[in-house]
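A.B. asks: In my numbering, the protein residues as written are 16 to 273. The beta carbon of each residue, even a glycine, is placed where N, CA and C say it ideally should be. Bear in mind that the values here come from a model prediction, so they are computed numbers and not experimental data. The structure under discussion is supplied below as structure tokens; questions concerning it will follow.
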């Protein structure tokens, strides 16, 4: 079905695997299209509650395919804008996706690949992986990922990474808030699966979707507007089926089955 990725499902987990290992899983137009299509499929699949994004080969993702970018230099501004908007759609899709997305990072995540990993809701990495935004070293700019990076780690850390273009270790990336967990390579897959299964078993899908949506929406609002929005969502959640089910089970001392 796909050329540059694979998808499969198991135990309510949807897996997306980048498989351009010979190109260090660099992003081109087709891969971006396939990733969006895969996410659309999992979004509409009621049997999938959590998504895991992983990759084949030594690198998780090297960012944009430079040969593809070089070819785009012969295109018009309008054509390049359309391609940029295509990539923007992928990052926005991941950030606002109503289901939790976990990045399983088995190797280096560079430039747009670093953005791809860190825009996910949770990220597990091997200790050997390096992270960073190297665009300024080749005369390019980390434009789209910057929007999400500023939200995630703040201006100071973002400036340090984006303007220096230097790579940092997994340990440093964790300290900066880029990634969540560092796991030995031999345990990576098992720990990601265990974490995903825990979310599936213990958490309401509706509650996670509401919470993720609010995190995305609330930061652009003023204080009063944000509080009004939060109150509205609070009231909406109280009437939801999941909330009724969860509170009833708690009061009756019953185990909740999500």
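Look at the alpha carbon of residue 156 and the alpha carbon of residue 196, and state the distance between them as a whole number of angstroms.
C.D. replies: Within the chain shown, residue 156 is the residue found at index 141, counting from 1. Within the chain shown, residue 196 is the residue found at index 181, counting from 1. Roughly 28 Å separates the two Cα atoms.
A.B. asks: Is the number of C-beta pairs between the segment 113-127 and the segment 69-84 that are closer than 8 Å three or more?
C.D. replies: Contact holds: three or more Cβ-Cβ distances are below 8 Å.
A.B. asks: With distance defined between alpha-carbon atoms, name the residue in 254, 234 and 215 nearest to residue 25.
C.D. replies: Locating residue 25 in the chain shown gives position 10, counting from the first residue. For the residues 254, 234 and 215, the minimum Cα distance to residue 25 belongs to 215.
A.B. asks: How is the beta strand (DSSP E) around residue 119 delimited, first residue to last?
C.D. replies: For this step, residue 119 is matched to residue 104 along the chain shown. Per DSSP, residue 119 belongs to the beta strand (DSSP E) from 115-120.
A.B. asks: Can you tell me the Cβ-Cβ gap for residue 106 and residue 128, rounded? I've got them flagged as a contact below 8 Å.
C.D. replies: On the chain shown, residue 106 is found 91 positions in, with the first residue counted as 1. On the chain shown, residue 128 is found 113 positions in, with the first residue counted as 1. Not quite, the Cβ-Cβ distance comes to about 12 Å (not below 8 Å), so this is no contact.
A.B. asks: Return helix, strand or coil for residue 66, following the three-state DSSP convention.
C.D. replies: Reading the chain shown from its first residue, position 51 is the one you call residue 66. Looking at residue 66 - three-state DSSP - the assignment turns out to be strand.
A.B. asks: Using the rule of at least 16 other Cβ atoms within 10 Å of the residue's Cβ for burial, across every protein chain shown, is residue 217 buried or exposed?
C.D. replies: Position 202 of the chain shown, counted from the first residue, corresponds to residue 217. Result: exposed.
A.B. asks: Alpha carbon to alpha carbon, what distance is there between residue 193 and residue 146?
C.D. replies: Translated into positions along the chain shown, residue 146 becomes position 131. Translated into positions along the chain shown, residue 193 becomes position 178. If I take the Cα positions, the gap works out to 9 Å.
A.B. asks: According to the Cβ coordinates, are residue 252 and residue 111 closer than 7 Å?
C.D. replies: Reading the chain shown from its first residue, position 237 is the one you call residue 252. Reading the chain shown from its first residue, position 96 is the one you call residue 111. Not in contact: residue 252 and residue 111 (Cβ atoms no closer than 7 Å).
A.B. asks: Between the Cα of residue 158 and those of 250, 89 and 174, spot the shortest distance and give me the residue it belongs to.
C.D. replies: Translated into positions along the chain shown, residue 158 becomes position 143. When each option's Cα is compared against that of residue 158, the closest is 174.
A.B. asks: Expressed to the nearest angstrom, what Euclidean distance is found between the alpha-carbon atoms of residue 133 and residue 59?
C.D. replies: On the chain shown, position 118 is the one that residue 133 refers to. On the chain shown, position 44 is the one that residue 59 refers to. If I take the Cα positions, the gap works out to 24 Å.
A.B. asks: Check residue 145 in the structure and name its three-state DSSP category.
C.D. replies: Taking the chain shown and counting its residues from 1, one reaches residue 145 at position 130. It is a strand residue.
A.B. asks: Looking at C-alpha atoms only, which residue of 187, 23 and 136 is the closest neighbour of residue 63?
C.D. replies: Along the chain shown, read from residue 1 onward, the residue named residue 63 stands at position 48. For residue 63, the nearest C-alpha among the options comes from 23.
A.B. asks: Straight-line CA distance for residue 90 to residue 20?
C.D. replies: Looking up residue 90 in the chain shown gives position 75. Looking up residue 20 in the chain shown gives position 5. If I take the Cα positions, the gap works out to 26 Å.
A.B. asks: Could you please give the first and the last residue of the uninterrupted beta strand (DSSP E) stretch that includes residue 29?
C.D. replies: Against the chain shown, residue 29 aligns to sequence position 14. Unbroken beta strand (DSSP E) run through residue 29: 28-33.
A.B. asks: Would a C-beta distance cut-off of 7 Å place residue 36 and residue 80 closer than the cut-off?
C.D. replies: By 1-based counting over the chain shown, the position of residue 36 is 21. By 1-based counting over the chain shown, the position of residue 80 is 65. Between residue 36 and residue 80, the CB-CB gap reaches or exceeds 7 Å.
A.B. asks: Run through the segment 134-193 for me and flag every whole beta strand (DSSP E) of 3 or more residues, listed as ranges in chain order.
C.D. replies: Whole beta strand (DSSP E) segments, 3+ residues: 137-140 and 145-147.
A.B. asks: Which two residues bound the contiguous beta strand (DSSP E) that contains residue 220?
C.D. replies: Translated into the one-based positions of the chain shown, residue 220 becomes position 205. Per DSSP, residue 220 is not a residue of any beta strand (DSSP E); the alpha helix (DSSP H) it occupies stretches across 220-233.
A.B. asks: Quickly, what does DSSP pair residue 76 with across the bridge? List them, please.
C.D. replies: Position 61 of the chain shown, counting from 1, holds the residue named residue 76. Answer by DSSP bridge pairing, in chain order: 124.
A.B. asks: Mind checking which residues open and close the alpha helix (DSSP H) that includes residue 215?
C.D. replies: As a position in the chain shown, residue 215 is number 200, starting the count at 1. Unbroken alpha helix (DSSP H) run through residue 215: 203-217.
A.B. asks: From 139, 34, 55 and 92, pick the residue whose C-alpha is nearest to that of residue 204; which is it?
C.D. replies: Residue 204 sits at position 189 when you count from the first residue of the chain shown. Of the listed residues, the one whose Cα sits closest to residue 204 is 139.
A.B. asks: Which residue wins for smallest C-alpha separation from residue 185, given the options 259, 178 and 200?
C.D. replies: Here residue 185 refers to the residue found at position 170 of the chain shown. Taking only the C-alpha atoms, the option nearest residue 185 is 200.
A.B. asks: Please report the Cβ distance between residue 115 and residue 137, rounded to the nearest whole angstrom; I am assuming they are in contact, meaning their Cβ atoms lie under 8 Å.
C.D. replies: As a first step, residue 115 must be located in the chain shown, where it is residue number 100. As a first step, residue 137 must be located in the chain shown, where it is residue number 122. Rounded, the Cβ-Cβ distance is 7 Å, consistent with contact.
A.B. asks: DSSP has residue 21 in a bridge; who is on the other side?
C.D. replies: Numbered from its first residue, the chain shown carries residue 21 at position 6. The secondary-structure analysis by DSSP pairs residue 21 across a beta bridge with 32.
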